[in-house]
Structure formats: C-alpha cells, structure tokens
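Going down the list, the protein sequences come from chains A and B.
If you count the first sequence from 1, you need to add 382 to reach the working numbering.
If you count the second sequence from 1, you need to add 18 to reach the working numbering.
From the three backbone atoms N, C-alpha and C, an ideal C-beta is built for every residue, glycine too.
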Amino acid sequence: MQQLVEDLMSGSRRAAARLISLVENDAPLKRELLKEIFPHTGKAYVIGVTGAPGSGKSSLVDCLLQQMRADDLKIGVIGVDPTSPFSGGAILGDRIRMQEHALDRDIFIRSMGTRGSLGGLARATREAIQVLDAFGKDVVLIETVGVGQSEVDIVRTADSTMVVLTPAGGDSVQTIKAGIMEIADIFVINKADLPGAERTATEINMMLDMKESDQWRPPVLSAVSVRSEGIGAVWDCLKDHRRFMEESGRLMEIRRERVRRELTEQVEYLVKNRIWDQVKEQIELESLLEKIVLRREDPYSAAYELLEQINFYSEG
Amino acid sequence: MSSRKIRVLVAKPGLDGHDRGVKVVARGLRDAGMEVIYTGLHQTPQQVAETALQEDVDVVGLSILSGAHMTLAPRIKELLCENGMEDVLLLVGGIIPEGDREKLLSAGHADQVFTPGDPLDKITAYIFNQFQESTSS
Ligand SMILES: Nc1nc2c(ncn2[C@@H]2O[C@H](COP(=O)(O)OP(=O)(O)OP(=O)(O)O)[C@@H](O)[C@H]2O)c(=O)[nH]1
Ligand SMILES: [Mg+2]
C-alpha cells in the first residue's frame with residue numbers, strides 16, 4: 383500500500399486507478415490509505431455537472447476538457463452512472479463522449495456505478511476525488527447520475543455546481559424541480575440548436591429574479607455541445623465563480639463545513655463499529671431477534687437493554 | 019466489508035461500425051451484476067489499453083467484426099502488458115475462423131474467443147469462473 387501511494391505521488395496512472403478501486407471496494411486498507419494520502423489533498427478545485435439524463439452532461443464535459451487543457455490544467459473526471467438495484471451491475475457510458483481525450487496524459491477519466499447510493503453520486507466518489515487530488519489534478523470534474531431530483535450530494539461535494547438543462551419544448555421550466563434552482567451556480571441550456579432555448583433562459587432568469595438576492599447570481603448560458611458552441615463562455619463563468627468563491631471567503635466556508643461533516647461521519651462510524659463489536663461479542667443477537675419477531679419483546683426496549691448490557695450508559 | 023465487483027471494458031477497436039451485438043453483450047454482463055464500461059466505436063488499441071488502465075478493469079472484451087483480429091488482439095495484449103496489466107482477462111468476440119482462434123489462444127493473445135452464435139450465458143459463466151475465488155468472499 384505504501385508503495386501504491388508512493389507510485390501515485392510520482393505520477394503512476396496505474397496506481398491512481400488501483401487506489402480508486404481499493405476505496406471503491408471498501409478494501410480493509412481503505413482508511414489507512416486515505417489517511418496516507420490526506421496530507422497531499424486540498425489543492426484540486428471540484429466542479430459538479432448535473433442535469434437530467436441525456437441533457438448532454440458528458441458532451442459538455444468533453445468540450446470543457448478542451449478549454450481546460452488550453453489553460454494547461456491537469457484534470458480528473460469522474461462519471462457516475464446508476465447501478466441496477468436488481469442485478470448490482472451497471473453500464474458506465476459517460477466516457478463514450480470523452481474518448482478523444484483518452485490518450486491525454488494529463489486527463490484521467492474514471493467511471494463509477496452508484497452502488498446503492500441515492501444522492502446522485504457513487505458511494506465512494508468523495509474518496510475517488512481525494513485520490514485524484516493527491517495525484518496532482520488541478521481540477522476534478524464530477525458528472526452526476528442526473529436523476530435531476532435528489533442531487534444533494536453534488537453540492538456537498540463540489541466547489542462549483544453546473545446544472546445542464548435542455549430547451550423545454552412546450553413545457554414551462556416551472557416543471558423543473560425546485561431543488562435545481564437552489565443547487566446551481568451556473569445554468570447551461572445545452573442543445574440550444576433546438577427550439578425554445580431562448581424562452582427557457584428567460585424563464586430561468588425570471589425564477590432567479592424571484593429568489594432572494596445573493597452575492598452570486600447564477601448566470602444562464604446557452605451551448606451546443608455537439609458543435610462546441612458557447613463553451614468558452616461556460617468556462618469563463620466557471621472561472622468567475624471560482625474567483626468569487628475564493629475572494630468572498632465562501633470556498634473556505636464550504637470546505638470547513640465539509641470537514642465538519644466528514645469528521646462527524648468518521649466519529650459516528652467509529653462509535654457504531656465499536657458498539658456493534660461489543661454487542662456481537664457479548665450478546666446472542668439471533669435469539670433476541672427471534673423474540674422480537676415472535677412479539678415477545680419490542681425493538682425499542684430491546685435496543686435499550688442491549689446497550690445497557692454492554693455498559694454503554696454507565697461508562698458515560 | 020469488502021464489496022468487489024467485476025469490471026469489464028467492452029470495446030470496439032478497428033473500423034467496423036456495427037455495435038448492436040456488443041451492446042447486447044454489455045447489457046447481458048450488467049444483468050449478471052458486472053460493471054461494464056462501454057467506449058463506443060472505432061477505438062484504437064492505444065485507447066483501449068489506456069481506458070482499461072484508468073478504469074482498472076478485470077476483463078477486456080473486444081468485439082471485432084472487421085476481420086482484423088489477428089493484428090488488433092495481439093497489439094492490445096501487448097499494450098496491456100506494457101501497462102502492467104498482464105493479468106487482465108482478454109476476450110475476443112467476432113467472426114473468428116477456427117484456425118485463427120487456435121492461434122490467438124495458443125499465442126496467449128486472447129484468453130478466450132467467442133463467436134456470434136455463443137449464448138450470453140456462456141460468456142458470463144466463463145467470466146464468473148475465472149473470478150470465483152476473488153469474488154466469493
Ligand atoms: N441537438 C443536440 N444534441 C446534443 C447536444 N449535446 C449533446 N447532444 C446529444 O444528446 C445525447 C446525450 O448526450 P450525453 O452527453 O451523453 O448526455 P448526458 O447528460 O451525459 O447523458 P447521461 O449521462 O446518460 O445522463 C447524445 O446523443 C448527444 O449527441 C447539443 O448541443 N445539441
Ligand atoms: Mg453522461
């Protein structure tokens with residue numbers, strides 16, 4: 383493992399790929415490993431790309447890669463696609479649109495299945511970002527599953543979030559889930575070659591007008607990804623937003639919040655593990671379960687008694 | 019708690035433009051619980067090998083209908099080895115004459131060869147068989 387981390391730091395793409403697999407597979411070494419790379423993280427800027435399935439997220443990312451490479455940035459891309467809840471398998475197809483960058487040594491693209499996570503990202507997306515960050519990527523782009531509704535994870539993970547929409551042919555944007563208004567730092571109306579882009583932009587701007595004014599008003603841009611049109615402006619806005627985040631102190635703020643959440647999660651993880659280890663050691667869980675199933679005991683008292691038996695209360 | 023999944027790169031190297039069959043295979047592997055990375059048409063051997071590397075796949079499945087399997091498969095095998103991925107299972111699917119099949123297998127340029135008549139189950143069963151030990155825990 384030490385070797386893998388060293389290889390990562392010296393630029394081995396194979397090591398980066400292996401490390402992402404290890405965190406993704408919840409390898410026993412995972413925590414040790416993340417601990418090892420942590421000092422080398424915190425440099426990458428994370429950009430989230432979300433939007434309904436088929437709206438053109440991957441195509442847009444493909445175009446953005448071109449822009450970013452022109453600025454001489456090293457980039458990591460994580461494309462998330464849904465894992466089938468029935469088979470546990472997945473078809474990961476985001477990189478189809480990005481294959482022209484496959485041989486660029488400064489771009490690293492990785493596909494992930496959600497593996498049961500419901501918030502639009504994969505279970506180990508955050509850990510994968512850490513690996514790419516330590517690997518020396520300046521920017522990490524995350525393409526979410528694009529369920530369009532419960533994309534909460536991306537805001538908690540990305541420093542800038544871009545929402546990709548398409549011209550609402552006939553329908554009003556009012557039908558767009560309210561949540562999307564809250565998470566976007568930038569709106570991109572992709573497929574602007576199709577009718578209705580103008581109107582969609584107007585409607586989003588009206589919805590933004592109704593929102594409480596903020597220091598940052600999300601710009602609404604149009605693009606045609608399949609023809610690489612409008613991409614320069616999208617990249618400029620992303621850079622503007624980054625500058626805003628940095629200069630306003632907002633970036634420090636959200637990163638602090640993120641650290642707080644992560645620390646809380648880690649503590650809860652450790653506490654939970656410790657308790658369950660003790661429970662498993664000291665208590666015959668199966669017979670207790672049996673009693674509850676047979677309605678001889680209720681789960682509420684059982685939980686309480688269980689903790690009492692391992693002296694959870696007396697120690698505190 | 020380890021939760022490994024078999025990752026498969028399904029690629030179409032070379033010039034032929036038929037991807038119906040390969041998409042059926044991709045869906046079949048997904049339905050068998052694997053993570054399938056599909057990269058679209060016209061991939062160069064370099065693209066296939068580099069994608070296999072970045073995605074850290076366990077299996078590379080090549081669909082070759084153009085007749086160029088005797089050059090493409092050995093080249094991709096060679097590039098995979100250069101990347102330190104000699105352990106990756108390399109499968110070739112397509113219209114492969116019996117003689118070529120034997121050559122590919124005996125030279126180690128492919129671990130297994132499938133033809134369009136082979137049922138999907140045969141492919142998934144073959145893959146599961148190869149990874150039995152490492153995934154059963
Ligand atoms: N007309 C038009 N089609 C586009 C444009 N951008 C993308 N498309 C097409 O839209 C389809 C979906 O594009 P993707 O980039 O795969 O969309 P996505 O949002 O990544 O899709 P998922 O990852 O499956 O949710 C493809 O067929 C693209 O060719 C555009 O600007 N105009
Ligand atoms: Mg996509």
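Legend entry - First through last residue of the alpha helix (DSSP H) which encompasses A:G614: 613–629
Inset, instruction - Step through the CB atoms of chain A and report whether any lies within less than 8 Å of the CB of B:G58. - result: yes
Legend entry - Closer than 7 Å: A:S610 CB and nearest ligand 1 heavy atom: The beta carbon of A:S610 sits no closer than 7 Å to any heavy atom of ligand 1.
Inset, instruction - Helix, strand or coil for B:S155, going by three-state DSSP, please let me know. - result: Any reading at B:S155 needs caution, since the residue's pLDDT is 40, under 50, leaving its predicted position unreliable; the model's value is listed next. It is coil, neither helix nor strand.
Legend entry - Given 8 Å, three or more beta-carbon pairs between the stretch 441–454 of chain A and the stretch 673–681 of chain A: no
Inset, instruction - From the DSSP output, in three-state form, read off A:E418 for me. - result: helix
Inset, instruction - Could you list which residues in chain B have their beta carbon closer than 7 Å to that of A:L620, in chain order? - result: Under a criterion of Cβ atoms nearer than 7 Å, no residue of chain B is adjacent to A:L620; the nearest Cβ is some 24 Å distant.
Legend entry - Distance between beta carbons of A:T539 and A:G631, contact taken as under 8 Å: The Cβ separation is near 20 Å, so there is no contact.
Legend entry - Within-8 Å CB hit, A:G502 to chain B: no
Inset, instruction - Answer yes or no: the CB of A:R492 versus the heavy atoms of ligand 1, is any distance below 7 Å? - result: no
Inset, instruction - Check whether the Cβ of A:G461 lies closer than 7 Å to any heavy atom of ligand 2, and answer yes or no. - result: yes
Inset, instruction - Say whether chain A places a C-beta atom closer than 8 Å to the C-beta of B:E73. - result: yes
Legend entry - Residue(s) in a DSSP beta bridge with B:Q130: Beta-bridge partners of B:Q130 (DSSP): B:L109.
Legend entry - Proximity test, A:K439 beta-carbon vs ligand 2 heavy atom, cut-off 7 Å: yes
Inset, instruction - Flag this pair as yes or no: are the beta carbons of A:N572 and A:A605 separated by less than 8 Å? - result: yes
Inset, instruction - Using the Cα positions of B:S155 and B:V26, report the straight-line distance between them to the nearest angstrom. - result: Annotation note: pLDDT 40 at B:S155 (below 50); position unreliable, no value reported.
Legend entry - Residues that A:Q484 contacts on chain B, provided the C-beta gap is smaller than 7 Å: Reading the sequence as shown, one finds Ala at residue 484 of chain A and not Gln. Going along chain B in sequence order, the residues near A:A484 (Cβ under 7 Å) are Q65, E68, T69.
Inset, instruction - In angstroms with no decimal places, state the Cα-to-Cα distance between A:F420 and A:E628. - result: Their backbone Cα atoms lie some 21 Å apart in a straight line.
Inset, instruction - Confirm the yes/no value for this check: CB of A:E666, any heavy atom of ligand 2, distance under 7 Å. - result: For A:E666, the Cβ stays outside the 7 Å cut-off from all heavy atoms of ligand 2.
Inset, instruction - For the beta strand (DSSP E) containing B:R25, list its first residue and its last residue. - result: 25–29
Inset, instruction - Along the beta strand (DSSP E) that carries A:V346, what are the first and last residues, could you check? - result: Outside the displayed range of chain A (383 to 698) lies residue 346 of chain A, so it cannot be described from this structure.
Legend entry - Three-state class that DSSP yields for A:S493 in the structure shown: In the structure shown, A:S493 sits in a strand (DSSP, three-state: E or B).
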